[in-house]
Structures are given as structure tokens and as C-alpha cells.
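Residues 1 to 151 in my numbering are what the sequence shown lists, from first letter to last.
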Amino acid sequence: MTDFGFARASDEAIAIRVQLADQVVQTLRHAGLPSFRDGESGTLDQSGAVVYIDSDAEMASAPVSVGWRCDAGLTQIAVNALTSGNPHEAQAVRYPGMIGLHMQSALIKILLSTGIIATLENDNMNPDYVLVFGRVSDLPSALRPTFTPGI
1 MTDFGFARAS DEAIAIRVQL ADQVVQTLRH AGLPSFRDGE SGTLDQSGAV
51 VYIDSDAEMA SAPVSVGWRC DAGLTQIAVN ALTSGNPHEA QAVRYPGMIG
101 LHMQSALIKI LLSTGIIATL ENDNMNPDYV LVFGRVSDLP SALRPTFTPG
151 I
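Listed below in C-alpha cells is the structure:
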């Protein structure tokens, strides 16, 4: 069981998700972006692409997702603006989210260009996340796209 009471994916499924997450991290690093798996030691305040592995067997939108984390200082400025009592007028509150949405498009294009199936997250809680499903090469030939995505 997961922390939220859902069935946990099998050890075999988790191992495959870990491999996919590692491929995503390496792909983004090769593109020059700082990237790391969620929970790695020393990454709590690190900025860059954070790769998450979903351990849920039933409710996972995708086995792996990616989000952009802004600099910890920028995030603290946003938190301070929220706690000051006037968040709607503070550009600092909106800025990390805007950066995340801009990076979402770039992350998807980078991943697609290397054959990793990635798409927008359709979730109000994490609107700037990228869902990652696997590699095109892992699909049966009948399901593989016959085009190259325009980048």
C-alpha cells in the first residue's frame, strides 16, 4: 500500500519506472539542464527538472512525471509575498508558476526529440508537470508513430 492507501505497483513495475526515470534524467542532463530524481540526497533545495516516480498501481496518471523547480531563493520570495497579505498584486507569487509552464513545453520537446513519450499534465494541482509514459521504441510496431514530431 502507498502512503494514501492505494495499492502499490509491483516491484517489477517500480523497477521499470526507475529505469524510465533514469533515462529522463540523463536525457535532460544531456540537453544541459540540471535534473535529478525526487528524493535524491542533497537535492531538496536544488533547482532544475525534478523527476518523480509514481509508486501507485491504480491511480497513476503516468509512471513518471517531471516538474520544474525554480531557485529556492525565488520560491522563498513567493512565499514571503503570499504571507504578506496581498498575494494577488505580487508578481513574485505568479513568477515560479509561469516559469514552470514555460519549461513544461521545453521539457516535452526535449523528451520527444529523443523518443521518450511525454505530454502535458491535465491536472489543476500540477498544471506545469510533464507526464512520461515510456520510449517509442518500447511500443509494439503497430502503435509506433510514423512521423517525427515537429519541434
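For each residue, glycine too, the CB sits at the ideal point set by N, CA and C.
Given the structure is predicted, the values throughout are model-derived calculations rather than measurements.
Closest in alpha carbon position to SER35, among ARG8, ILE16, SER55 and ARG69, is ARG69. In the structure shown, the three-state DSSP call for GLY39 is coil.
Linking PRO145 to SER65 through their CA atoms gives a straight-line distance of about 21 Å. Between ASP38 and VAL24 the beta-carbon gap is near 12 Å, outside 8 Å, which marks them as no contact.
In this chain, the beta strand (DSSP E) harbouring TYR52 covers 48-53.
Between the stretch 38-47 and the stretch 101-112, the count of C-beta pairs closer than 8 Å stays below three; the two stretches do not touch.
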